[in-house]
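Here the structure is laid out as structure tokens; the discussion comes afterwards.
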Amino acid sequence: MNNYIYLKKYKILQILFIMLTISLSAADITIREINFNGLIRTKEHIALQIVRPVEIGSPFSNETEGIIIQELREAGIFNPEITTEVIIQENEAFIEVFLKDRWTLIPIPIFSFSQNGAWKAGVLGIESNLLGYYKTLGVGLFIGSEGWSLLSFFSDNIFLGTDLKFGSSITLGLNEITDENVQEETIRNYQVDETGFGMSLEYPFSEEFSLKGGGRYDRSVLRPESAVQTGIPDMQSAGLFNEIIWKDLYYGIPYNFGLLAKAEFNWNWGFEDTENYTALKGKVNWSLNPIANHLLVIGAVSGWSRDNPVQQQFRLGGEPGSLVLPVRRIAADEYSASSAAYNVPLWFFPGGTLSIKGFYEVGYYKSDIVERTLFHGPGTGLEIFIDNLAIPAIQMNIAWNLETGRYQFSAGVGMGGGD
2 MNNYIYLKKY KILQILFIML TISLSAADIT IREINFNGLI RTKEHIALQI VRPVEIGSPF
62 SNETEGIIIQ ELREAGIFNP EITTEVIIQE NEAFIEVFLK DRWTLIPIPI FSFSQNGAWK
122 AGVLGIESNL LGYYKTLGVG LFIGSEGWSL LSFFSDNIFL GTDLKFGSSI TLGLNEITDE
182 NVQEETIRNY QVDETGFGMS LEYPFSEEFS LKGGGRYDRS VLRPESAVQT GIPDMQSAGL
242 FNEIIWKDLY YGIPYNFGLL AKAEFNWNWG FEDTENYTAL KGKVNWSLNP IANHLLVIGA
302 VSGWSRDNPV QQQFRLGGEP GSLVLPVRRI AADEYSASSA AYNVPLWFFP GGTLSIKGFY
362 EVGYYKSDIV ERTLFHGPGT GLEIFIDNLA IPAIQMNIAW NLETGRYQFS AGVGMGGGD
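Be aware that the sequence shown starts at 2, since it is given in the working numbering, and climbs by one per residue.
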């Protein structure tokens, strides 16, 4: 009996020793190679920078393959169908990544019209993997019944080979700005010559938390007849902004799940007759996976400003939280809204997904000429996710404002989903 107990204890100790030896060996596994199979345009050293914190020479763990796939999906320039294989030899890991470059040069035609006869047409061209270096360049030209505008922007997600993200933008144009109320009645209309440019840098302190800062210059000069009719003064300012970002997302197919929160504060110094002004904006999206392949998004947006020039007011409508409002026609000094949306895939077609959603929004806004106004109502929409194109979901929505009984149609790229 004693021998049996002794043998049993000895075997238990043997098993514990073997388990400890295996775990210690696993902890000593080092990544020797990371090879990317399927790259055509993206440079391999750029792909290696994208998948950091996984690097050659770093320890291999059970989470390593998942981190690689998530980092590559987050970049947005690869087909999300990504697989990995690992060979371990003498405590060294050789990782093979199988992926495919997305088509990243996207011309997006833009056309919009309103019930008052105003229209706008143009094209926005975006290259999100410039020369295979994971840099984004965009140029847009728009003309219409209310004027013309030119937009250009550039961003670098691995600025100078570091974790810094750099961004810049330039805008020029002659535009006719129309402010409406929730009944789509014009309450103010003016023409302005606009100039603006800005730059920013974002630094990630961790995988979830990052801080973004930058500066911007804006100038808006009213055409003489508009200045006389409205009494709005010209505007010229320079400012600084800080944005705090918390992003803890799981990148799936087609939806992303997790928490995204942003808070931005702007300080602006006016020139000539423009007063100093400040603005604060916030956004929170919580994306859940209640049932396999389904998406529930609970969101909130808010904005507040003090002494904001008319030309710099927030523009609402056409985005989650304000889809029941006329697209880009609502000017506000202050607003707040919350929304809930539920997405269900209708069709997993070869190379993408067609999804249907239902949503409900409720909020308020006010401006220098509009008292606090409530809006709320339901809506539905379609989203098309295309795996081989480097654009977010293509959106088409219809919403019903129960306060006014009016319907709003909107369409665009990347206006919903988990972000």
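Backbone N, C-alpha and C fix where the C-beta goes; we use that ideal spot for every residue, glycine too.
DSSP state of residue i mapped onto helix, strand, coil
{"i": "D295", "result": "According to the sequence displayed, residue 295 carries His and not Asp. In this structure, H295 counts as coil in the three-state DSSP scheme."}
{"i": "G133", "result": "helix"}
{"i": "F266", "result": "strand"}
{"i": "F61", "result": "coil"}
{"i": "S422", "result": "Shown here, the chain extends from 2 to 420; a query on residue 422 therefore has no answer."}
{"i": "E181", "result": "strand"}
{"i": "A394", "result": "coil"}
{"i": "Q313", "result": "helix"}
{"i": "L355", "result": "strand"}
{"i": "L49", "result": "helix"}
{"i": "I107", "result": "strand"}
{"i": "E66", "result": "helix"}
{"i": "R422", "result": "Residue 422 falls outside the range modelled here, since the chain spans only 2 to 420, and no answer is possible."}
{"i": "E273", "result": "coil"}
{"i": "D308", "result": "coil"}
{"i": "V302", "result": "strand"}
{"i": "L175", "result": "strand"}
{"i": "L260", "result": "strand"}
{"i": "G139", "result": "strand"}
{"i": "I41", "result": "coil"}
{"i": "V325", "result": "coil"}
{"i": "E147", "result": "coil"}
{"i": "L403", "result": "coil"}
{"i": "E362", "result": "strand"}
{"i": "I331", "result": "strand"}
Residue i at chain D interface by Cβ criterion, 8 Å
{"i": "T231", "result": "As a matter of chain content, chain D is missing from the structure shown, which is built from one protein chain."}
Length of the line joining the Cα atoms of residue i and residue j
{"i": "R74", "j": "I246", "result": "19 Å"}
{"i": "T405", "j": "I159", "result": "47 Å"}
{"i": "S207", "j": "V229", "result": "52 Å"}
{"i": "G216", "j": "L241", "result": "4 Å"}
{"i": "S24", "j": "I30", "result": "Interpretation of S24 is limited by its pLDDT of 49, a score under 50 that renders its predicted location unreliable; the figure taken from the coordinates is listed afterwards. Rounded to whole angstroms, S24 to I30 spans 10 Å at the Cα level."}
{"i": "V302", "j": "S339", "result": "6 Å"}
{"i": "S323", "j": "L297", "result": "18 Å"}
{"i": "I57", "j": "L131", "result": "25 Å"}
{"i": "V222", "j": "A400", "result": "35 Å"}
{"i": "Y218", "j": "V414", "result": "27 Å"}
{"i": "Q396", "j": "I47", "result": "31 Å"}
{"i": "A341", "j": "N398", "result": "14 Å"}
{"i": "I88", "j": "G145", "result": "59 Å"}
{"i": "S26", "j": "Q71", "result": "Below a pLDDT of 50, predicted positions are generally treated as unreliable, and S26, at 46, falls in that range; the measurement from the model is reported next regardless. For S26 and Q71, the distance between alpha carbons rounds to 26 Å."}
{"i": "L49", "j": "I35", "result": "8 Å"}
{"i": "S129", "j": "L106", "result": "7 Å"}
{"i": "G67", "j": "W149", "result": "46 Å"}
{"i": "D420", "j": "L403", "result": "Because the pLDDT of D420 is 44, which lies under 50, any placement of that residue in the model is unreliable, and the question is left without a value."}
{"i": "K213", "j": "Q90", "result": "42 Å"}
{"i": "L142", "j": "N176", "result": "12 Å"}
{"i": "S288", "j": "F410", "result": "24 Å"}
{"i": "R330", "j": "Q184", "result": "11 Å"}
{"i": "N294", "j": "R224", "result": "52 Å"}
{"i": "I171", "j": "G139", "result": "10 Å"}
Extent of the continuous beta strand (DSSP E) to which residue i belongs
{"i": "L161", "result": "Where L161 is concerned, there is no enclosing beta strand (DSSP E), given that its DSSP letter is neither H nor E."}
{"i": "R407", "result": "R407 to V414"}
{"i": "P54", "result": "Run containing P54: none; DSSP gives neither H nor E here."}
{"i": "Y343", "result": "E335 to W348"}
{"i": "G126", "result": "W120 to E128"}
{"i": "V383", "result": "Checking the displayed sequence, the identity of residue 383 turns out to be Leu instead of Val. Counting along the chain, the beta strand (DSSP E) containing L383 begins and ends at T374 to I387."}
{"i": "S288", "result": "Y278 to L289"}
{"i": "I370", "result": "Neither: I370 is in no beta strand (DSSP E) and is coded neither H nor E."}
{"i": "R33", "result": "T31 to N38"}
{"i": "V98", "result": "E93 to F99"}
{"i": "E89", "result": "Reading off the sequence, residue 89 comes out as Ile, not Glu. Its beta strand (DSSP E) spans residues T84 to Q90."}
Quick test of the definition: if touching needs 3 or more C-beta pairs under 8 Å, does the segment 74-83 touch the segment 376-390?
Between the segment 74-83 and the segment 376-390 there are three or more inter-stretch CB-CB distances shorter than 8 Å, so the stretches are counted as touching.
Could you pull out every unbroken beta strand (DSSP E) segment of at least 3 residues lying fully inside the segment 178-250, listed in chain order?
187-205 and 210-223
If you pair each beta-carbon of the segment 248-260 with each one of the segment 219-237, do three or more pairs fall below 8 Å?
no
Pairs of beta-carbons, one from the segment 372-387 and one from the segment 94-102, closer than 8 Å: are there three or more?
Too few Cβ pairs lie closer than 8 Å, so no.
Three Cβ pairs or more, each shorter than 8 Å: is that satisfied between the segment 178-186 and the segment 369-378?
Touching, yes.
Would you say the segment 307-315 touches the segment 267-281, given that touching needs at least three Cβ pairs under 8 Å?
yes
For the pair the segment 354-368 and the segment 45-57, tell me if three or more CB-CB distances fall below 8 Å.
Of all C-beta pairs linking the segment 354-368 to the segment 45-57, fewer than three are shorter than 8 Å, placing the two stretches out of contact.
Pairs of beta-carbons, one from the segment 325-332 and one from the segment 340-351, closer than 8 Å: are there three or more?
no
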